[in-house]
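Remarks on the structure that follows.
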Amino acid sequence: MGRADSLRHKMNDLHDSLPANPIAKLERWLAEARQRRDTPNSNAMCLATVDQQKGELMPSARVVLCKQVDTESGFIVFFTNYDSRKAAELEQNPVAAATFHWDALGRQIRLEGRVVKSPASESDAYFASRARGSQLGAWASDQSQPIASRVALLQQLDKVTERFADTETIPRPPHWGGYRLWVSAAEIWIEGDHRVHDRARWVRTLGVDDHGDVHPDDWTVVRLQP
Ligand SMILES: Cc1cc2nc3c(=O)[nH]c(=O)nc-3n(C[C@H](O)[C@H](O)[C@H](O)COP(=O)(O)O)c2cc1C
């Protein structure tokens, strides 16, 4: 067994015990990956949404960054443009799947669930924590819309840079903010020798009340064949 393999075996502890809450595992694995040099963009996840135009269901996927994990409630948060393609698809069909993969660790986590917009106060707080350049970028880009040229895009950026030149605290654009993905299914995958991987899938029901608040049931878990 090589050094990397033996490290994986030490770190990957799903074999014997399945945790009650898979989101706790996600939080821990994110923290571990963040500390390593061989897992850049360790919070990147492939986010799939569903387009429902013309009656046909068509998945679309892109990478976004997971910026928060609420282990107790069981949701994760990503930030994006509320006028983007993914946002339009979430408007039509507020469900998504997200996949994390840390190749150097032989680990994958898949999530599925219901998506709701983050409270405005949380989006404000996160936007305020971003670098000024990223804040200007959020104002400058009509994400997912066509533009004539790269030069035209840079002109849009120049315009907002000028507009906010004398503004110390740039406000959050109304078209930019967070989404919470409330997890109703989670699958943990650990690479095993000879492709005998370790898999387990947790599911729970998410109740939604009249105010749109989500109330999750308890998790149940089954081990899956690789
Ligand atoms: C590593 C990486 C991280 C990214 N993070 C984000 C992100 O956090 N939010 C975001 O809106 N787009 C992010 N993007 C860009 C998206 O992949 C995508 O191009 C963009 O959100 C538009 O997607 P849409 O047209 O499907 O809405 C990231 C791309 C990469 C490669």
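Numbering (our numbering), first residue to last: 958 to 1183.
Every residue gets a Cβ at the ideal spot worked out from N, C-alpha and C, and that includes glycine.
Note that the coordinates shown come from a computational prediction; the quantities given were computed from them, not determined experimentally.
9 Å or more divides the Cβ of Ala1018 from the Cβ of Thr1028.
With a cutoff of 8 Å, Gln1100 counts as near ligand 1, since its C-beta is closer than that to a heavy atom of the ligand. Relative to ligand 1, even the nearest heavy atom lies 8 Å or more away from the CB of Ala1055. In this structure, the alpha-carbon of Pro1016 lies about 22 Å from that of Gly1134. Residue pairing of Val1153 in beta bridges, as defined by DSSP: absent, with no partner found. In its chain, beyond the 5 residues on either side, Glu1069, Gly1070, Arg1071, Val1160, Arg1161, Thr1162, Leu1163 and Pro1173 have a beta carbon closer than 8 Å to the beta carbon of Ser1141. Apart from sequence neighbours up to five positions away, the residues of its chain that approach Asn1050 with a beta-carbon distance below 6 Å are Val1007 and Gln1009, ordered along the chain.
Residue environment for Val1020: exposed (fewer than 16 other C-beta atoms within 10 angstroms of its C-beta).
In this structure, DSSP gives Pro1128 a state outside helix and strand, which the three-state scheme calls coil.
By the criterion of a C-beta distance shorter than 7 Å, Leu1110 is surrounded in its chain by Ile1104, once the five residues flanking it on both sides are discounted. According to the DSSP secondary-structure assignment, Tyr1039 is paired through a beta bridge with no residue. In chain order, the residues that have a beta carbon nearer than 5 Å to some heavy atom of ligand 1 are Asn998, Ala1001, Arg1019, Val1020, Val1021, Leu1022, Thr1037, Ser1041, Arg1042, Lys1043 and Ser1101.
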